[in-house]
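Heads up, the thing below is written out as structure tokens.
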Amino acid sequence: AQSVTQLGSHVSVSEGALVLLRCNYSSSVPPYLFWYVQYPNQGLQLLLKYTTGATLVKGINGFEAEFKKSETSFHLTKPSAHMSDAAEYFCAVSDRLYNQGGKLIFGQGTELSVKP
Amino acid sequence: SAVISQKPSRDICQRGTSLTIQCQVDSQVTMMFWYRQQPGQSLTLIATANQGSEATYESGFVIDKFPISRPNLTFSTLTVSNMSPEDSSIYLCSVEDWGQGAGGYTFGSGTRLTVV
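Chains as they are written, first to last, in the numbering used here: chain H, 1 to 116; chain B, 1001 to 1116.
Shown next as structure tokens:
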């Protein structure tokens, strides 16, 4: 069974500073990994995903994440935080194998605050 | 990418009653997933619904409390039975979607349930 651990339920950064949100996963099959963002009282929005191929994945709004198999990690970064980045961020892992379906399991979430 | 119509979007229910949530997908899908998002929490997978077979429930969720129907490849319902205030959450359905431009998983807009 797969699982996700997000280190830090709350992260606070200053505007313009580096954003680093940590995610470690456990999976018995090659993982498909996702980052979602949720703004207050809104639905989930996909930031980026890793399936196969290049381990550095670029997403929307300047975010990127690197899949590191040896560290079972998929940390999310953004070089310069913006006030509009304040939201809840969820890392998720799927146990999808080749063309067989798989379920998506979410981490506990990290609330990002951005200080002016 | 797939489009999911989920309803109702919100409801306020009396304790002890049941609510059935519907999800309609605009394409045929093998698996549908049901999630719960309690206030301030992450998404927790309730069950996976396959057409023509019993749903598979995650640890902590039982069929008597959350019966699921999956009559065809485009439709599923989740019932929240004998509700208590602790069932107040957002309930979402989801499907895998690996089509052109899709993000891997598509989510319904959610049902915001308040039990009083």
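A virtual CB, placed ideally from N, CA and C, is assigned to each residue, including glycine.
Reduced DSSP secondary structure (H/G/I, E/B, other) of residue i
{"i": "residue 84(H)", "result": "helix"}
{"i": "residue 1104(B)", "result": "strand"}
{"i": "residue 61(H)", "result": "helix"}
{"i": "residue 1026(B)", "result": "coil"}
{"i": "residue 69(H)", "result": "helix"}
{"i": "residue 111(H)", "result": "strand"}
{"i": "residue 1087(B)", "result": "helix"}
{"i": "residue 1045(B)", "result": "strand"}
{"i": "residue 1003(B)", "result": "coil"}
Close beta carbons around residue i, own chain, < 6 Å, minus the five adjacent residues each side
{"i": "residue 1108(B)", "result": "1004, 1006, 1023, 1092 and 1093"}
{"i": "residue 1090(B)", "result": "1037, 1110 and 1112"}
{"i": "residue 1043(B)", "result": "1035 and 1037"}
{"i": "residue 6(H)", "result": "23, 91, 107, 108 and 110"}
{"i": "residue 1099(B)", "result": "1001"}
Cβ neighbour criterion (16 or more within 10 Å) applied to residue i
{"i": "residue 1116(B)", "result": "exposed"}
{"i": "residue 1070(B)", "result": "buried"}
{"i": "residue 48(H)", "result": "buried"}
{"i": "residue 1048(B)", "result": "buried"}
Own chain residues within Cβ distance below 8 Å of residue i, not counting five before or after
{"i": "residue 13(H)", "result": "19, 81, 112, 113, 114 and 115"}
{"i": "residue 52(H)", "result": "30"}
{"i": "residue 28(H)", "result": "1, 2 and 95"}
Listed by chain order, chain B residues near residue i by CB distance under 7 Å
{"i": "residue 106(H)", "result": "1042 and 1043"}
{"i": "residue 32(H)", "result": "1104"}
Contact list for residue i against chain H, beta-carbon separation under 7 Å
{"i": "residue 1107(B)", "result": "43 and 44"}
{"i": "residue 1048(B)", "result": "103"}
{"i": "residue 1110(B)", "result": "43"}
Residue i: contacting residues in chain H (beta-carbon distance under 8 Å)
{"i": "residue 1031(B)", "result": "101 and 103"}
{"i": "residue 1094(B)", "result": "104"}
Cβ-based neighbour list, residue i, same chain, cut-off 7 Å, excluding 5 preceding and 5 following
{"i": "residue 87(H)", "result": "37, 38, 39 and 112"}
Contact list for residue i against chain B, beta-carbon separation under 9 Å
{"i": "residue 58(H)", "result": "Ordered by position in chain B, no residue passes the 9 Å Cβ test against residue 58(H), which lies about 14 Å from the chain."}
{"i": "residue 68(H)", "result": "Here the premise fails: no neighbours, minimum Cβ distance about 20 Å."}
One or two residues paired with residue i in a DSSP bridge
{"i": "residue 1072(B)", "result": "1075(B)"}
{"i": "residue 1097(B)", "result": "1104(B)"}
{"i": "residue 1061(B)", "result": "Paired residue(s): none; residue 1061(B) is not in a bridge."}
Chain B contact residues for residue i, given Cβ-Cβ distances below 8 Å
{"i": "residue 109(H)", "result": "1041 and 1042"}
{"i": "residue 90(H)", "result": "1042 and 1043"}
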